[in-house]
Amino acid sequence: MDRTESTVRNLLTAIEAPLYDVGVLSERGMLPGFDGIAAGAVLDRLSLLKYRNAHGSHIYIRPSGEHRFTTLDDLHETSLARLAADGFNPCAVVETSAGNFQAWLKHARIFPKLLGTFAAQTLAERYDADPSAADWRRFGRLPGFTNCKPKYRKSDGLFPFVRLHSHTGQQYPMAEAFAQEITTLFEAREQEHEARRLQNSLSPQRGPRLSNLSLERFRSSTKYQDRPAAADIAFCVAAFANGITEDRIGCALEDDYLSRDSSPTRRAAYIQRTMGKARRWAER
Numbered sequence: 001m002d003r004t005e006s007t008v009r010n011l012l013t014a015i016e017a018p019l020y021d022v023g024v025l026s027e028r029g030m031l032p033g034f035d036g037i038a039a040g041a042v043l044d045r046l047s048l049l050k051y052r053n054a055h056g057s058h059i060y061i062r063p064s065g066e067h068r069f070t071t072l073d074d075l076h077e078t079s080l081a082r083l084a085a086d087g088f089n090p091c092a093v094v095e096t097s098a099g100n101f102q103a104w105l106k107h108a109r110i111f112p113k114l115l116g117t118f119a120a121q122t123l124a125e126r127y128d129a130d131p132s133a134a135d136w137r138r139f140g141r142l143p144g145f146t147n148c149k150p151k152y153r154k155s156d157g158l159f160p161f162v163r164l165h166s167h168t169g170q171q172y173p174m175a176e177a178f179a180q181e182i183t184t185l186f187e188a189r190e191q192e193h194e195a196r197r198l199q200n201s202l203s204p205q206r207g208p209r210l211s212n213l214s215l216e217r218f219r220s221s222t223k224y225q226d227r228p229a230a231a232d233i234a235f236c237v238a239a240f241a242n243g244i245t246e247d248r249i250g251c252a253l254e255d256d257y258l259s260r261d262s263s264p265t266r267r268a269a270y271i272q273r274t275m276g277k278a279r280r281w282a283e284r
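Under full-length UniProt numbering, the sequence shown has 229 at position 229, and the numbering climbs by one with no breaks.
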């Protein structure tokens, strides 16, 4: 087993996934035919990847489809130290050029696409990673191959190798807490955006356009699939933003109460709690 194969095996183990996309990027664009392949198929194509890399192609990899990883790009050693100190120990670190790193973080669960991008952007902002490279399906450079950017060409005409700095494969200690935090932040942002969209739909001549503002519309939205409580809060935020009275909002929640629990006390508590959360967001 040569060094490249050993390095690639170690990375595939650290970012274990059912399938991978391999990026082979040249001046002509991305080479097709390398999406959705198993780890064994990646290893079977190493000879071709070496050939392409020797002729100037950049070699990348990512898990295929939705996955539980985030790639942070363009990190320095100080940022890596901060990640570890905060409990975000990467499952793999790749040195793409001297002193420049990509970190792979293994989350507690698979994030949907929009949430995965939001998580990547949030972490990039916190740890000084490249914000333009922060999204749910970002490629990372595949170690064991050269970084053939012209600026890295050495005096002998060769390019430096991309190195696998570490590969624990472990989920970071703060994974569960971060999953809860980022989900809460994302839902709050989406509710705020929804409220702004509805505010922008107000017509000065005709007053609030409320034909689309219904609790059922929010409950049936794919954005709030399997999250009816979040849909209720979003509806209330939008209703407050459009000047609907608390009595009307409360009646809407009362008429289509989520739970089958017939307890009037619990029903009233849920409605007041939901409206209270929404009111705080609408007043921001």
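Beta carbons: idealized from backbone N, C-alpha and C, even for Gly.
These numbers come from a predicted model, not from an experiment.
Taking the continuous beta strand (DSSP E) assigned at residue i, which residues delimit it?
i, result
"E95", "A92 to S97"
"L75", "F69 to L75"
By Cβ distance below 8 Å, which residues in the same chain neighbour residue i in space, the five residues on each side in sequence not counted?
i, result
"G56", "S26, E27 and C148"
"A239", "L213, R248, I249, A252 and A278"
"K113", "E66, W136 and R137"
"P264", "none"
"Y51", "none"
"T122", "I182 and L185"
"A120", "T70, T71, L72, A134, D135, W136 and R138"
"D156", "none"
From the DSSP output, which residues share a beta bridge with residue i?
i, result
"S26", "G29"
"S166", "V93"
"H58", "L25"
"I37", "Y20"
"F161", "T146"
"P63", "Y20"
Given residue i, which residues of its chain have a CB within under 7 Å of its CB, disregarding the five upstream and five downstream residues?
i, result
"L46", "T4, E5 and V8"
"Y257", "R267"
"N10", "L164 and H167"
"A179", "H107, A108 and R109"
Is the beta carbon of residue i sitting closer than 8 Å to the one on residue j?
i, j, result
"I117", "W104", "First, the amino acid is wrong: residue 117 is Thr here, not Ile. The answer is no: Cβ separation not under 8 Å."
"Y127", "L215", "no"
"V237", "V162", "no"
"G40", "L19", "no"
"M174", "G87", "yes"
"D44", "A129", "no"
"I271", "E254", "yes"
"A229", "R219", "no"
"P143", "L164", "yes"
"G169", "A269", "no"
"F145", "I233", "no"
"F69", "H107", "yes"
"W281", "Q191", "yes"
"G29", "I61", "no"
"G99", "E77", "yes"
For the alpha helix (DSSP H) holding residue i, just list the boundary residues, first then last.
i, result
"L215", "L215 to R219"
"Y51", "L46 to A54"
"P228", "P228 to A241"
"R138", "Here R138 belongs to no alpha helix (DSSP H), and DSSP marks it neither H nor E."
"C251", "E246 to D255"
"R3", "R3 to A14"
Suppose the cutoff is 6 Å on Cβ atoms and the five residues either side in sequence are ignored; what does the same chain contact list for residue i look like?
i, result
"R273", "none"
"Y152", "S97, F159 and P160"
"F186", "L115 and F118"
"S79", "Y127 and D128"
"A17", "P63 and H67"
"F235", "L215 and F218"
Would a check of beta-carbon distances place residue i closer than 8 Å to chain D?
i, result
"S64", "Structure shown: chain D not included; a single protein chain is present."
Can you determine whether any heavy atom of the ligand COA sits closer than 7 Å to the C-beta of residue i, and answer yes or no?
i, result
"T274", "This structure lacks the ligand COA, and indeed carries no ligand of any kind."
- In the segment 79-136, which residue ranges form an unbroken beta strand (DSSP E) of at least 3 residues, counting only runs that do not cross its ends? Segments of the beta strand (DSSP E) lying fully in the segment 79-136: 92-97 and 100-106.
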